Amino acid sequence: MNSNLNKKRMLTGNKAAAWGARLAGIEYVPAFPITPQTEIVETLSQWFADDTLRGKLTNMDSEHSMFMAAGAAAATGVRVFTASSSQGILHGLESIYTVAGWRVPFVMVNVSRALATPITLEPDHNDVMATRDCGLIQLHAETCQEVLDFVLMGYKIAEHPLVSIPVLVNLDGFVLSFSREPVVIPDKKAALEFLPPIKPAQPVFRASKPMARASAVFGGGTYTYFRIQQDLAVRQAETVFNETAQEFAERFGRTYKPIEQFQMNDAEIAFVMSNSFATKGKSAVLKLRRQGIKAGLVKLCMFRPFPRKAMAQALSGCQKVAVIDQNLAPGMGGITYPEIVTALYGQKNRPGKILSVIGGLGGKDIREDDFLSIVEKLSDTESNMPLYLFDEGDWNQFQQLQKIALV
Amino acid sequence: MLRIRLHGRGGQGIKTASQILGTAAFLSGYQAQDFPLYGAERRGAPIIAFSRINSDPILERGPILLPDLLLIADETLLEDAQAAPLCGSDSETVVFVNSAKTPENLKEKFSLPSLPVTCKLTELCLKHLKNGMLRSTALAAAGVRLTGLIPFENLMESVEIELEAMGITGQPLKNNLELAQEIFEKLNPRTIKDREERPLSPTKLMIMEQRDVKDAAPFITATGNMAQRKTGNWRIHRPEIDYGECNHCMICYARCPEGVITMDTEGKPVIDYDHCKGCMICAQECPKHSIKTLWEMDHELEPQ
Chain A
1 MNSNLNKKRM LTGNKAAAWG ARLAGIEYVP AFPITPQTEI VETLSQWFAD
51 DTLRGKLTNM DSEHSMFMAA GAAAATGVRV FTASSSQGIL HGLESIYTVA
101 GWRVPFVMVN VSRALATPIT LEPDHNDVMA TRDCGLIQLH AETCQEVLDF
151 VLMGYKIAEH PLVSIPVLVN LDGFVLSFSR EPVVIPDKKA ALEFLPPIKP
201 AQPVFRASKP MARASAVFGG GTYTYFRIQQ DLAVRQAETV FNETAQEFAE
251 RFGRTYKPIE QFQMNDAEIA FVMSNSFATK GKSAVLKLRR QGIKAGLVKL
301 CMFRPFPRKA MAQALSGCQK VAVIDQNLAP GMGGITYPEI VTALYGQKNR
351 PGKILSVIGG LGGKDIREDD FLSIVEKLSD TESNMPLYLF DEGDWNQFQQ
401 LQKIALV
Chain B
408 MLRIRLHGRG GQGIKTASQI LGTAAFLSGY QAQDFPLYGA ERRGAPIIAF
458 SRINSDPILE RGPILLPDLL LIADETLLED AQAAPLCGSD SETVVFVNSA
508 KTPENLKEKF SLPSLPVTCK LTELCLKHLK NGMLRSTALA AAGVRLTGLI
558 PFENLMESVE IELEAMGITG QPLKNNLELA QEIFEKLNPR TIKDREERPL
608 SPTKLMIMEQ RDVKDAAPFI TATGNMAQRK TGNWRIHRPE IDYGECNHCM
658 ICYARCPEGV ITMDTEGKPV IDYDHCKGCM ICAQECPKHS IKTLWEMDHE
708 LEPQ
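Chains A and B, in that order, are what the protein sequence lines are.
Position 217 (the first sequence) corresponds to 217 in our numbering; numbering is contiguous.
Position 231 (the second sequence) corresponds to 638 in our numbering; numbering is contiguous.
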């Protein structure tokens with residue numbers, strides 16, 4: 001066998017997620033199918049069937065039950081994994097809020113897919129942004145390698161005694177979920193040393209030991225106390241992420257930070273992006289530089305907790321910033337844009353211009369030429385509107401379809 | 408960077424072909440990426456997949472707009488405006504078509520940008536796999552050979568890895584390896600030069616204006632417009648009614664899931680070949696076995 005194959009293997013983003021869960025020694029998976037995450041659960045199902053994994057995979061009747069089952073199982077102190085996407089994660093939203101408040105550690109993967117209406121299968125980030133305020137930790141992956149590593153790191157962060165919060169790992173549907181690229185699969189023994197079997201840091205459900213962990217509270221004060229604790233725990237996850245990343249780098253040689261800086265040393269213009277389209281952004285940055293434009297890119301790897309300080313440091317001193325949101329909050333614009341502007345408020349060297357860009361919705365490509373359009377727009381006078389990446393070609397295509405659709 | 412775009416139909420193994428290419432390149436020490444583009448498609452519908460091969464890390468994702476090598480699994484795709492397999496190709500693009508026609512003939516018939524490379528893959532699949540349907544191995548082997556980057560043994564290993572992952576082992580795997588070998592030996596590598604970097608030029612972004620809700624929300628008021636989508640070229644098999652045998656029992660008419668069999672004024676069933684997708688349920692259901700199954704693309708091939 002070729003030596004290249006011993007170290008790396010061609011994996012899709014979905015397979016990489018399954019491998020992360022496998023190396024974490026997951027014991028329970030509640031599942032419900034939805035494109036484009038199905039391959040993850042399919043792969044895990046095969047591994048449970050052939051005894052590669054010991055434990056149980058249960059097909060649930062909906063995502064609402066699925067996330068509830070994930071939380072309930074995690075409350076018994078076993079290592080739990082689950083995955084969903086798009087309409088599925090929205091259907092489970094009530095359960096996600098609920099189990100996050102239980103403060104149970106587990107890892108869920110969201111394979112990003114745009115939301116109805118109109119319905120589509122292709123990616124954007126409105127689904128994962130809908131879980132923004134649920135009280136989850138969110139890690140967003142650009143490559144298949146990051147998917148695997150973030151799932152593995154995710155358990156370590158989720159199970160940390162000061163955190164005890166579910167971790168969501170996000171990857172783009174199609175563009176990453178179905179793309180194969182070489183991925184290093186960590187050695188099983190090394191993975192086990194990094195992530196030993198789960199030792200719950202909190203009381204867990206046991207037979208004949210009655211306990212409750214979802215009490216009703218009234219009057220507001222007690223409610224507020226628990227909510228503040230949740231906020232503090234999610235914030236704490238940034239420190240825990242950094243510690244975990246350091247140990248991960250020592251063991252596996254791959255370094256991760258809450259935000260990644262690409263060509264930012266002398267950048268005058270910065271693009272802020274996340275997930276797999278950041279790869280396109282990096283390529284555009286290199287091309288822009290060859291055309292004499294000092295561009296750079298800041299990639300948001302951790303979205304919750306929001307790495308405010310790191311973001312402010314990365315963008316301070318840069319004259320112009322374009323925040324590219326592959327999501328849309330109608331009536332407001334990009335969802336990460338105001339968070340980034342907030343992070344920069346009060347900074348002495350804050351950028352003179354921060355532009356909100358809406359692109360890559362519903363699988364629409366962000367082309368390299370679009371980045372030059374963004375650069376040009378950054379020199380324009382102020383406008384309160386975001387820049388929509390929708391060009392004449394898109395318009396012509398739409399008009400052709402409209403002719404067929406309407407009498 | 409070598410950018411390969413594969414066009415085929417659901418069921419022909421186009422995704423797997425892109426993966427065999429990707430793994431073969433990876434085994435040869437290259438950076439590789441492969442990616443299929445499909446969602447709600449089904450057997451016979453046009454499918455696209457991509458493979459990227461590079462010495463340096465690949466900073467691209469998603470569809471390939473400017474292909475260096477086009478692998479077309481089925482010449483009927485060249486007539487399909489929605490599949491548009493030639494889209495983005497230019498005179499530098501090496502075009503491969505699975506066809507029994509001569510390259511000159513194909514170039515003229517479909518106004519190709521250059522003289523294509525052809526090979527009768529369907530016939531070779533019939534010979535080695537006893538099945539005249541194109542398989543992933545055949546198209547991948549053609550692609551691997553044309554790149555000239557990948558040694559023969561890495562193609563063999565890649566076919567083994569990818570087919571075994573799908574549970575194909577033993578004799579069927581051996582047959583696939585023999586098929587790959589024959590195609591590899593039949594074709595010659597082509598010189599595919601690295602494209603020069605095109606400087607970025609800004610896109611013409613629209614200034615968006617609000618429109619009336621009837622133009623702003625996803626209405627469809629033109630009912631029955633599905634018929635505009637001709638799905639006849641999705642067929643791999645073609646049902647043909649033997650009217651000498653047919654007793655007009657109407658079972659094919661009742662069973663056709665697409666509703667493309669109608670009864671004419673004499674009570675005979677008639678197939679609408681513009682829309683028949685070739686599922687062959689009619690042939691299965693016909694109690695008198697008077698519906699024949701023919702190969703759509705190569706009529707000289709024997710009925711199954």
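The C-beta atom is built at its ideal place from N, Cα and C for all residues, glycine as well.
If you're wondering where the values come from, they're calculated on a predicted model, not measured in any experiment.
Residues of the segment 604 to 617 of chain B that bring their beta carbon within less than 8 Å of a beta carbon in chain A comprise GLU604, PRO606, LEU607, SER608, PRO609, THR610, LYS611, LEU612, MET613, MET615, in sequence order. Under the Cβ criterion (8 Å, minimum of three pairs), the segment 484 to 500 of chain B counts as touching the segment 445 to 454 of chain B.
Per the coordinates, the alpha-carbon of A:ARG227 lies some 16 Å from the alpha-carbon of A:ARG304.
Of the residues assessed, A:TYR337 falls on the buried side of the cut-off, its CB having 16 or more other CB atoms within 10 angstroms. Residue-level contact by beta carbon holds for A:LYS282 and chain B, with a gap shorter than 8 Å.
Here A:LYS348 is exposed. Its C-beta has fewer than 16 other C-beta atoms within 10 Å.
Interface residue (Cβ-Cβ distance to chain B less than 8 Å): A:PHE371 is classified as such. Partner residues in a beta bridge of A:MET60, as assigned by DSSP, do not exist.
The segment 420 to 434 of chain B makes contact with the segment 567 to 581 of chain B; the number of CB pairs closer than 8 Å reaches 3 or more. The CB of B:GLN440 comes closer than 8 Å to the CB of SER179, ARG180, GLU181 in chain A, given here in chain order. Annotation for B:HIS414: the continuous beta strand (DSSP E) segment containing it runs 409 to 416. Interface residue (Cβ-Cβ distance to chain A less than 8 Å): B:PHE433 is classified as such. Contacts with chain A at 8 Å (Cβ-Cβ) do not include B:ARG602.
Residue nearest to A:LEU115 within the set A:THR35, A:MET10, A:GLY25 is A:THR35 (criterion: CA-CA distance). Look at the segment 423 to 497 of chain B and you find these whole runs of beta strand (DSSP E), each 3 residues long or longer: 438 to 444, 453 to 461, 476 to 479. Think of a sphere of 8 Å around the beta carbon of B:GLN426: the chain A residues whose beta carbon falls inside it are MET10, ARG180, in chain order.
It is roughly 43 Å from the alpha-carbon of B:SER458 to the alpha-carbon of B:ALA661. Excluding the 5 residues flanking it on each side, B:LEU701 has same chain C-beta neighbours closer than 7 Å at HIS644, ARG645, GLU647, PRO710, in chain order. A:GLN397: member of the alpha helix (DSSP H) spanning 392 to 405, first to last residue. Residues of the same chain with a CB within less than 7 Å of the CB of A:ALA72, apart from the 5 flanking positions on each side, do not exist.
Contact between B:ARG468 and A:THR279 holds, with the beta-carbon distance rounding to 5 Å and staying under 8 Å. For B:ASN640, the CB contacts under 6 Å within the same chain, skipping 5 residues up- and downstream, are THR483, ASP487 in chain order. Just measuring C-alpha positions, the residue of A:THR117, A:GLU238, A:PHE252 sitting nearest A:GLU146 is A:PHE252. At a C-beta separation below 7 Å, A:PRO118 has these neighbours in chain B: PRO625.
Residues of chain B with a Cβ closer than 8 Å to the Cβ of A:TYR388 are, in chain order, LEU612, MET613, MET615. In the DSSP assignment, A:GLN138 falls within the beta strand (DSSP E) that extends over 137 to 140. Contact between A:ALA75 and A:VAL41 is ruled out by a C-beta separation of about 22 Å, above the 8 Å threshold. Judged by DSSP in its simplified three-state form, B:ASP681 adopts coil rather than helix or strand. In terms of CA proximity to B:GLN635, A:LYS403 leads the group A:PRO30, A:LYS403, A:THR38. The residue from A:ALA70, A:GLN397, A:ALA141, A:ALA314 with its alpha-carbon nearest to that of A:VAL175 is A:ALA141. Only buried fits A:GLU122, as 16 or more other CB atoms lie within 10 angstroms of its CB. By a beta-carbon distance limit of 8 Å, A:ARG79 contacts A:GLY25. Their separation comes to about 6 Å.
Within chain A, the residues whose beta carbon sits less than 9 Å from that of B:GLN635 are ILE404, listed in sequence order. Secondary structure note for B:ASN505: its beta strand (DSSP E) is the uninterrupted segment 501 to 505.
A Cβ of chain B is located within less than 8 Å of the beta carbon of A:ASP391.
Relative to the Cα of B:GLU692, the nearest Cα in the group B:LYS675, B:GLU703, B:CYS659, B:GLY685 belongs to B:CYS659.
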